[in-house]
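Trainee: Provided herewith is a single structure, encoded as structure tokens, for subsequent inquiry.
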Amino acid sequence: MPQVRGRLTRSAPLAPLVWFKTGGPADWLFEPADVDDLSAFLAALDPALPVWPLGLGSNLIVRDGGMPGVTVRLGKPFAFARTADDGVTMTCGGGTSGILVASTARDAGIAGVEFLRSIPGTVGGFVRMNGGAYGREVADVLIACVVVLRDGTVKPMTVDQLGYTYRHSDLPDGAIVIEATFRGTPGDPAAIGAEMDRIAAEREASQPLRSRTGGSTFKNPPGHKAWALIDAAGCRGLTRGDAQVSEKHCNFLLNLGSASSAEIEALGEEVRERVKAQSGVTLEWEIQRVGLK
1 MPQVRGRLTR
11 SAPLAPLVWF
21 KTGGPADWLF
31 EPADVDDLSA
41 FLAALDPALP
51 VWPLGLGSNL
61 IVRDGGMPGV
71 TVRLGKPFAF
81 ARTADDGVTM
91 TCGGGTSGIL
101 VASTARDAGI
111 AGVEFLRSIP
121 GTVGGFVRMN
131 GGAYGREVAD
141 VLIACVVVLR
151 DGTVKPMTVD
161 QLGYTYRHSD
171 LPDGAIVIEA
181 TFRGTPGDPA
191 AIGAEMDRIA
201 AEREASQPLR
211 SRTGGSTFKN
221 PPGHKAWALI
231 DAAGCRGLTR
241 GDAQVSEKHC
251 NFLLNLGSAS
261 SAEIEALGEE
271 VRERVKAQSG
281 VTLEWEIQRV
291 GLK
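Take a look at the structure:
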């Protein structure tokens, strides 16, 4: 492995870092000290080794065989949110949580990014996946981002270059989002805070937030709600081992205690089969499934 100034750990457990609390270890876990550390490491790394970024581990199944190559986790040096003098734009690090982005915008009187309060991930993850909720998505507020490519090149990209569609971008494999700039509109901090509180209360009431879950499991097919299709197929509460389809919100899968990643993924595939048989609709995974089985 190349020399680093950050932390490089061999055979690092990943289960504690993901919401499901399942999955095998990373061959290597790299937590860079800064952008230069990350760029130099990737430039010197064997090009044959895969590189994969890990955020808060929310929308994710790490398979039981673990992650080959290098898993990159952006820590405190990449967790920041700074507002600009224009009063409507802000620049955030790739390791910044959605809550911190939304709270910083609220304090600065920037409206339009309240929905990021409800996305349980980091800037790097929801920029890559065009994360969204409550009728808004990252494509609506992103101006540009900066990524480090697999070869270590630091590359600025505009929102138009990302090729955004529903829960998808054209960012190349191995590219790591280290910074993003968002634009909102002028707003009243009290009104922005009230909207954030409304979103938080609605999520708490409708989603199993205090469980071991991966968040929204399947994308909403055109003209449908995934949860309604799952419910109509009789999957609410369905189990496989200690994996369960949530009874509170059936587009969420749960680890009731000792489920394996294989059981969670197999339960998701069973849900897809039942929905296809009942409605003719093929559900697409929203949760990323990575690693070796």
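Under full-length UniProt numbering, the sequence shown has 72 at position 72, and the numbering climbs by one with no breaks.
Just so you know, even glycine gets a beta-carbon here, dropped at the ideal spot from N, CA and C.
(1) I'd like the list of long-range same chain contacts for valine 141, defined as Cβ closer than 7 Å, with 5 residues on each side in sequence excluded.
(2) Identify the continuous alpha helix (DSSP H) that holds methionine 1 and give its terminal residues.
(3) Sort Met67, Val62 and Gly57 by Cα distance to arginine 10 and report the nearest one.
(4) For the candidate residues Glu137, Ile176 and Asp27, whose alpha-carbon lies nearest to that of lysine 155?
(5) Taking histidine 249 and glutamine 207 to be in contact with their CB atoms under 8 Å, please state how far apart those CB atoms are, rounded to whole angstroms.
(6) Report, in whole angstroms, the separation of the C-beta atoms of threonine 22 and alanine 33, which I expect to be a contact under 8 Å.
(7) Is there contact here, the stretch 270-290 with the stretch 229-246, by at least three beta-carbon pairs under 8 Å?
(8) Check phenylalanine 78 in the structure and name its three-state DSSP category.
(9) Mark glycine 131 as exposed unless 16 or more other C-beta atoms lie within 10 angstroms of its C-beta, in which case mark it buried.
(10) According to DSSP, is proline 189 helix, strand or coil?
(11) Mind checking methionine 129: buried by the 16 CB within 10 Å criterion, or exposed?
(12) Taking all protein chains shown into account, decide if leucine 292 is buried (16 or more other Cβ within 10 angstroms of its Cβ) or exposed.
(13) Among the candidates Gly75, Asn59 and Ala48, whose CA atom is the shortest distance from the CA of phenylalanine 30?
(14) Considering only the beta carbon of each residue, do glycine 94 and glutamate 179 sit closer than 8 Å?
(15) For threonine 107, name the three-state secondary structure that DSSP assigns.
(16) When the Cα atoms are used, what is the spatial distance from proline 77 to alanine 259?
Mentor: Here's the rundown:
(1) Gly112, Val113, Phe182, Arg183 and Gly184
(2) No alpha helix (DSSP H) contains methionine 1, which DSSP labels as neither H nor E.
(3) Met67
(4) Ile176
(5) 5 Å
(6) So it is not a contact: roughly 29 Å between Cβ atoms.
(7) yes
(8) helix
(9) buried
(10) helix
(11) buried
(12) exposed
(13) Gly75
(14) yes
(15) Rather than threonine, the amino acid found at residue 107 in this sequence is aspartate. Three-state DSSP puts aspartate 107 in a helix.
(16) 34 Å
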